[in-house]
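Participant: This is the structure, below, for whatever I ask next.
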Amino acid sequence: MPKEKIIAIITGPSAVGKTSIAIGVLKKMKKFRPSTTYTTRPVRQESSEDKIMLHINEDQFRQLIDNGDLIEWAQVYGNFYGTSKEALLETLKKYHVLLNIDVQGAKIIKKKFPKNISIFILPEKIEDIKQRLATRKKMPTAIRKRRLDAAKEEIDQAKYFDYRITNYDNRLEESIEKIVAILKKYQ
Ligand code: 5GP
3 MPKEKIIAII TGPSAVGKTS IAIGVLKKMK KFRPSTTYTT RPVRQESSED KIMLHINEDQ
63 FRQLIDNGDL IEWAQVYGNF YGTSKEALLE TLKKYHVLLN IDVQGAKIIK KKFPKNISIF
123 ILPEKIEDIK QRLATRKKMP TAIRKRRLDA AKEEIDQAKY FDYRITNYDN RLEESIEKIV
183 AILKKYQ
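Using my numbering, read the sequence shown as starting at 3 and increasing by one per residue.
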């Protein structure tokens, strides 16, 4: 095992299945741990998170930015998300880290941590994202539309990342296995 730990980044558009994939990968890869994210997004009832999500308001988030407490942050579909610097650096002392973050945050981490491996998750077709967003019943229609529009632009960014994995509908396990196989080469 290399002395220095690595950061694996899972990125891609909203509702492509990143969180389910990250949960599955973390279950199989015990040397990888998730990060802690601060977010202004309200708590989501209908699905589980892959990491510790600390829900705060916008003033508190701005305070974290001003204090330099976030290693990266981004405004994603109207909410703020940022990775806790302290939690990340602490985890990296003992474990590899798996980050599930948006494309903007992923680019920042790529620059700040040369020892990274980045994986972009693609949908088979944009219709899959539309359908998955439709299952998020509590999400207002305008936000769903915003996420879908953003998804199209984000997909164009796939070329900037090391690996591209298509998450075929109803084939989650296959995507998880592909990522596990990639990460095994680096851990
Ligand atoms: P969701 O609200 O669906 O959990 O997440 C929305 C988007 O924000 C997803 O693309 C997710 O990967 C991203 N995201 C979650 N946590 C973070 C974070 O700490 N930093 C950044 N930059 N993006 C995040």
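Note that the Cβ used here is the ideal one computed from N, Cα and C, for glycine as well.
Predicted, not measured: the structure shown is a model, and the values here were computed from it.
Within 10 Å of its beta-carbon, does Pro116 have 16 or more other beta-carbons around it, so buried, or fewer, so exposed?
Facilitator: Counting Cβ neighbours within 10 Å, Pro116 comes out exposed, since fewer than 16 surround it.
Participant: Can you grab the Cα-Cα spacing for the pair Ile67 / Asn102, in whole Å?
Facilitator: If I take the Cα positions, the gap works out to 20 Å.
Participant: What does the alpha-carbon distance come out to for the pair Ser177 and Asn169?
Facilitator: Going by the C-alpha atoms only, they are around 6 Å apart.
Participant: Check whether the Cβ of Gln106 sits closer than 7 Å to any heavy atom of the ligand 5GP, and report yes or no.
Facilitator: At least one heavy atom of the ligand 5GP is nearer than 7 Å to the Cβ of Gln106, so yes.
Participant: Could you please give me the residues that DSSP links to Gln77 through a beta bridge?
Facilitator: Partner(s): Phe82.
Participant: Pull up the distance between the alpha-carbon of Ala10 and that of Tyr97, whole angstroms please.
Facilitator: Cα to Cα, the separation comes out at about 11 Å.
Participant: DSSP beta-bridge partners for Thr39?
Facilitator: Answer is Met55, Thr85.
Participant: Could you round the C-beta distance between Leu91 and Asp52 to whole angstroms and report it? I think they count as a contact, below 8 Å.
Facilitator: Rounded, the Cβ-Cβ distance is 20 Å, inconsistent with contact.
Participant: Excluding five sequence neighbours on each side, which residues of the same chain lie with their C-beta closer than 6 Å to the C-beta of Val105?
Facilitator: Cβ neighbours of Val105 beyond the five flanking positions: Thr13, Glu156, Gln159.
Participant: Give me the DSSP bridge partner(s) of Tyr165.
Facilitator: Paired residues: Ile121.
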